[in-house]
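Protein chains in written order, with our numbering: chain G, 77 to 244; chain E, 1345 to 1650.
No residue lacks a Cβ here, since even glycine has one placed at the ideal position from N, Cα and C.
The next block holds one structure in the form of structure tokens; read it before the comments.
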Amino acid sequence: MRIELTVDGKYLALSLSSDKPLNLLLQDDLEIRSVTSHCNGELCGNCIVLLEGKAVLSCLVPAFEVRGRTIVTFDGFSRTRDYRDIERAFSSCAVNPCDNCYASRVLLIESIIRRYESTINDFDEAEILQEAELIRCPCLDSRSFLTVARESLFNRRKRKNVRRTQIS
Amino acid sequence: MYVELRSPNIHEPENMAAYNNTILNYRDTTPFLWAGGTEIMSQKDFYPALRGNIEIISLGKIEELHHFLRNDRYAEFGAMVTINEIAQAGKLVLPRILLDTINSTACRTVRERITVGGSLCTKRFKTSLASTLMILDAAIELRYMKKRMHSKWYQISRIYDKNGKLDIPEGALLSKVRIAIQQYDYQYYKTVGSPLSDPDNSLSVALVARFEQGSISYARVIFTLPSKGFIYSRDLDNLFTSIHLPVSISRYAQVESYVIDYIRENFSEIPPLQESRLRGCFHDMIRDMNETVLCYTGTPGERIQQ
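Set out below in structure tokens:
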């Protein structure tokens, strides 16, 4: 099956099996280094990517569903300014997740921030704590994840507000 | 290089007429209906699959299956509405037990991919959403092909056999789910373990009840063992219905032994961890009911604060 999609800003046309999971597509066909996990349906949470700006477990998305859609992996996201907000939050909270899950945690936080950045609402804590448990890696507890997510949101709002003020 | 040879054919109809045509064209091959794909993709042998070429009908683009409507009496959802959308849209009107069930199913990232139709039609395990909808007397619309497309409304319990095995006609499509908007005096839902990752040991319990003069006048209770099925019977409801509150120890022991006997009769053995979890959940439920009922004064219109 021929599939056309955009990955990290690059428009690609691939010929592959239509039921291939997205994480294997990214690993095998595109050799993207940040997606390393294939847990065979164990829902380990280490294969998160952004599909149309929303975090998804790429092992649950078949290739035919990503036709004509936009995917952002950690490789692409780590080159953006938005990533700096999250990176700074990790260092300011002195939280260091392991290399296996770092990419997924960053993209999950980015997806959460996008839900909240344009509103004045604070986090729904129960929801974020539940989201934190999606990534099964034991290197980071849910409370620390919540702290980092909150700090990232603060950084993002601050940066965007400063920019808006400068423009006006 | 030869990867396309084994690639399933994907059909993405954009309306029900196109879906009918696809079904007619592949009448002999029993095409594979694809909703959210969460359950199918989490199977260990999903890819690379040993099966030969198959036809997959992806329902994601059928507009009609994404609709939902609400009036004073019920809310009606298309089968491709995600459970997260149901929780968002029905936050203020749907029974609280349903919202609890949805919220405990998975985190938001996964909930955004699980569709209501898909979660009712899983074959590998039973979801607690199906069991909660059963005690809420939800109805579903099935569409199936005879000479032409027919549709019919059923009570949700009709699409499962007594042990919870999915029992809908071959080639039928679950197109809508209708949930009555009503509240109960008491609603309880609890789940232990994850049905997606550990269906053999997880379980959930759901109960709705109405009270009248210190006793339960209406009760519906269901236990879900994801890998086996539902524990749901009129006898169990009747046992609860006649209970005087707070529940006495003798009545507690009677109902508990009924549940355990029912499981042994219908499902033979269950893992010890699951059995102890079931006893624990049952104990928590009765204790919670006793605690809340002691604060209940019984004035007309009063709802128990939980």
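Contact list for residue i against chain G, beta-carbon separation under 8 Å
{"i": "S1351(E)", "result": "M77, L92, S93, S94, D95"}
{"i": "S1402(E)", "result": "F140, E141"}
{"i": "I1354(E)", "result": "M77, S94, F140"}
Proximity below 7 Å, CB of residue i to CB of residue j
{"i": "L1580(E)", "j": "V1565(E)", "result": "yes"}
{"i": "L1583(E)", "j": "V1599(E)", "result": "yes"}
{"i": "L1377(E)", "j": "I1401(E)", "result": "yes"}
{"i": "F1611(E)", "j": "K1572(E)", "result": "yes"}
{"i": "K1510(E)", "j": "K1496(E)", "result": "At residue 1510(E) the sequence reads Leu, which differs from the Lys that was named. Against a cut-off of 7 Å, the Cβ pair of K1496(E) and L1510(E) comes out as no contact."}
{"i": "H1411(E)", "j": "G1422(E)", "result": "yes"}
{"i": "V1521(E)", "j": "V1460(E)", "result": "yes"}
{"i": "T1453(E)", "j": "A225(G)", "result": "no"}
{"i": "S1475(E)", "j": "F1574(E)", "result": "yes"}
{"i": "S110(G)", "j": "A179(G)", "result": "yes"}
{"i": "E1399(E)", "j": "Y1370(E)", "result": "yes"}
{"i": "I124(G)", "j": "L216(G)", "result": "no"}
{"i": "T1382(E)", "j": "I1503(E)", "result": "no"}
{"i": "V137(G)", "j": "L98(G)", "result": "yes"}
{"i": "L222(G)", "j": "I204(G)", "result": "yes"}
{"i": "P1570(E)", "j": "P1543(E)", "result": "yes"}
{"i": "L127(G)", "j": "I108(G)", "result": "no"}
{"i": "G1508(E)", "j": "K1470(E)", "result": "yes"}
{"i": "R181(G)", "j": "G121(G)", "result": "no"}
Closer than 7 Å at the beta carbon, the chain G residues around residue i
{"i": "L1540(E)", "result": "L119"}
Integer-rounded CB distance, given that residue j should sit under 8 Å from residue i
{"i": "I1384(E)", "j": "L1442(E)", "result": "Actually they are not in contact, since the Cβ atoms of I1384(E) and L1442(E) sit about 24 Å apart, beyond 8 Å."}
{"i": "M1478(E)", "j": "L1551(E)", "result": "Rounded, the Cβ-Cβ distance is 12 Å, inconsistent with contact."}
{"i": "I1593(E)", "j": "F140(G)", "result": "Actually they do not touch by this definition, with Cβ atoms about 57 Å apart."}
{"i": "Y159(G)", "j": "F153(G)", "result": "6 Å"}
{"i": "A1450(E)", "j": "V1437(E)", "result": "23 Å between Cβ atoms; not a contact."}
{"i": "G1515(E)", "j": "M1493(E)", "result": "Contact doesn't hold; Cβ gap of about 11 Å is too wide."}
{"i": "L119(G)", "j": "L1540(E)", "result": "6 Å"}
{"i": "L1518(E)", "j": "L1480(E)", "result": "No, L1518(E) and L1480(E) are not in contact; Cβ-Cβ is about 17 Å, not under 8 Å."}
Beta-carbon neighbours of residue i, restricted to chain E and to distances below 9 Å
{"i": "K130(G)", "result": "T1453, E1456"}
{"i": "L88(G)", "result": "None at all; the shortest Cβ gap to chain E is about 16 Å."}
{"i": "N122(G)", "result": "By Cβ distance, chain E contributes nothing, its closest Cβ being about 13 Å from N122(G), past 9 Å."}
Interface partners of residue i on chain E, CB under 7 Å
{"i": "E203(G)", "result": "R1452"}
{"i": "C135(G)", "result": "M1385"}
Contacts of residue i in chain E (Cβ-Cβ under 8 Å)
{"i": "N237(G)", "result": "Going along chain E, no residue has its Cβ under 8 Å from N237(G), so there is no contact; the nearest lies around 26 Å."}
{"i": "N116(G)", "result": "K1388"}
Near the ligand HEM: residue i beta-carbon under 6 Å from a heavy atom
{"i": "Q1531(E)", "result": "This structure lacks the ligand HEM; in fact it carries no ligand of any kind."}
Quiz item: Which ranges would you report for the alpha helix (DSSP H) in the segment 114-180 of chain G if only whole runs of at least 4 residues count?
Solution: 150-153, 157-168
Practice problem: Go through the segment 1408-1452 of chain E residue by residue and report every complete run of the beta strand (DSSP E) that reaches 3 residues or more, in order. | Solution: For the segment 1408-1452 of chain E, whole beta strand (DSSP E) runs of length 3 or above, ordered along the chain, are 1412-1414, 1418-1422.
Quiz prompt | chain E contacts made by the segment 154-166 of chain G, where a contact means CB separation under 9 Å | solution = none
Exercise. Taking only beta carbons into account, state which residues of the segment 1571-1599 of chain E come closer than 9 Å to chain G, listed in chain order.
Key: none
Quiz item: Can you give, in chain order, each stretch of the beta strand (DSSP E) that sits fully within the segment 1565-1631 of chain E and has at least 3 residues?
Solution: 1573-1575
Self-check item: Proximal residues, the segment 198-227 of chain G versus chain E, C-beta separation under 7 Å
Solution: E203, Q206, E207, E209, L210
Exercise. May I have a chain-ordered list of the beta strand (DSSP E) segments no shorter than 3 residues that lie completely inside the segment 1454-1517 of chain E?
Key: 1483-1489, 1493-1499
Quiz item: Between the segment 1375-1395 of chain E and chain G, which residues of the former have a C-beta closer than 9 Å to a C-beta of the latter?
Solution: Contacts with chain G (Cβ-Cβ distance below 9 Å) from the segment 1375-1395 of chain E involve W1378, G1380, G1381, T1382, I1384, M1385, S1386, Q1387, K1388, D1389, F1390, Y1391, P1392, A1393, listed in chain order.
Practice problem: Can you give me, in chain order, the residues of the segment 1420-1433 of chain E that have a beta carbon less than 8 Å from any beta carbon in chain G? | Solution: Within the segment 1420-1433 of chain E, no residue qualifies.
Exercise. Would you list, in sequence order, the uninterrupted alpha helix (DSSP H) runs of no fewer than 4 residues that lie entirely inside the segment 187-233 of chain G?
Key: 201-208
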